Amino acid sequence: DTGVSQNPRHKITKRGQNVTFRCDPISEHNRLYWYRQTLGQGPEFLTYFQNEAQLEKSRLLSDRFSAERPKGSFSTLEIQRTEQGDSAMYLCASSSVPQGGLRAFFGQGTRLTVV
Amino acid sequence: AQTVTQSQPEMSVQEAETVTLSCTYDTSESDYYLFWYKQPPSRQMILVIRQEAYKQQNATENRFSVNFQKAAKSFSLKISDSQLGDAAMYFCAEVGTQGGSEKLVFGKGTKLTVNP
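Residue numbers (my numbering), protein chains in the order written: chain A, 58 to 172; chain B, 750 to 865.
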């Protein structure tokens, strides 16, 4: 399967714990995006990488959030000291720039529940 | 700032009938793209159709077509011959090309139910 893969699919954690999500993009894609989707809302941009460089972070990404993409391949999104408001679906998407025609391919997401 | 508005939280259609989902947007960019994405329950979001703003011709993809009204900043999706598999959340999205990030700005979505 050459699609975007996200792990884990579901994560339940206690408030105050740290969590880490992983995204494996389509192998030839140089762009990787993280979005957050809360209930009843469309996805909202969090951050993106061009290869290994993190080029933009949304104001939604507080200091408790950190994302990495070592070697320009997979990416991780870590949330420290989780809060109930962090409960959401975290989506990863990848694309090829400039050849990809702005077509982003999404993973199935990681659903985080903070209790 | 870019905003995308979908005014229909839910829509329903009979199988084999046609349904139109509405979307309006606002952007300060002169060059941009518009998209409709489909998100089936518990499955990944997939691209349904894409429209380049500089193209006047409306995009079509099999049973899916758009009505792009640039002056009105309107971008509706028409689904013809609706099938049970079309049931999903549909998101309208916009991407500006000037900022470099090509990040998607989404609407809140429309839940489409297809009745047999």
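Idealized CB from N, CA, C, for every residue including glycine. All values reported here derive from a predicted model rather than from experimental measurement.
Rounded C-alpha distance that separates K860(B) from D143(A): As a first step, residue 860(B) is located in the second sequence; it is residue number 111 there, counting from the start. As a first step, residue 143(A) is located in the first sequence; it is residue number 86 there, counting from the start. Between K860(B) and D143(A), the C-alpha separation is close to 24 Å.
Using a Cβ-Cβ cutoff of 9 Å, what residues of the stretch 772 to 797 of chain B are near chain A? List them in chain order. Y782, F784, Y786, Q788, S791, R792, Q793, M794, I795 and L796
Thinking just about the alpha-carbon of each residue, which of C80(A), R168(A) and Y92(A) is nearest to the one in G60(A)? In the first sequence, counting from the first residue as 1, residue 60(A) sits at position 3. It is C80(A) whose Cα lies nearest to the Cα of G60(A).
Decide if I136(A) is buried, meaning its Cβ has at least 16 other Cβ atoms within 10 Å, or exposed. Against the first sequence, residue 136(A) aligns to sequence position 79. Buried, since its Cβ has 16 or more Cβ neighbours within 10 Å.
Here's the rule I'm using: 16 or more other beta-carbon atoms within 10 Å means buried, otherwise exposed. How should K863(B) be labelled? Taking the first residue of the second sequence as position 1, residue 863(B) is located at position 114. The question names Lys, yet the displayed sequence has Val at residue 863(B). Its Cβ being crowded by 16 or more others within 10 Å, V863(B) is buried.
Would you tell me roughly how many angstroms separate the C-alpha atoms of S153(A) and E85(A), rounded to the nearest one? For the purposes of this step, residue 153(A) is identified with residue 96 of the first sequence, where counting begins at 1. For the purposes of this step, residue 85(A) is identified with residue 28 of the first sequence, where counting begins at 1. Near 7 Å, if we compare the C-alpha coordinates of E85(A) and S153(A).
Just the C-alpha distance for T70(A) and E140(A), rounded to the nearest angstrom, thanks. Counting from 1 along the first sequence, the entry for residue 70(A) is found at position 13. Counting from 1 along the first sequence, the entry for residue 140(A) is found at position 83. Cα to Cα, the separation comes out at about 10 Å.
Would you mind telling me which residues of chain A sit closer than 8 Å to V844(B), beta carbon to beta carbon, in chain order? Locating residue 844(B) in the second sequence gives position 95, where the first residue counts as 1. L159, listed in chain order.
Residues in its own chain within less than 6 Å of Q805(B) by CB, not counting five upstream and five downstream? For this step, residue 805(B) is matched to residue 56 along the second sequence. Correct list: empty, nothing qualifies.
Is there at least one Cβ from chain B nearer than 8 Å to Y147(A)'s Cβ? Within the first sequence, residue 147(A) is the residue found at index 90, counting from 1. It does not; no Cβ of chain B falls within 8 Å.
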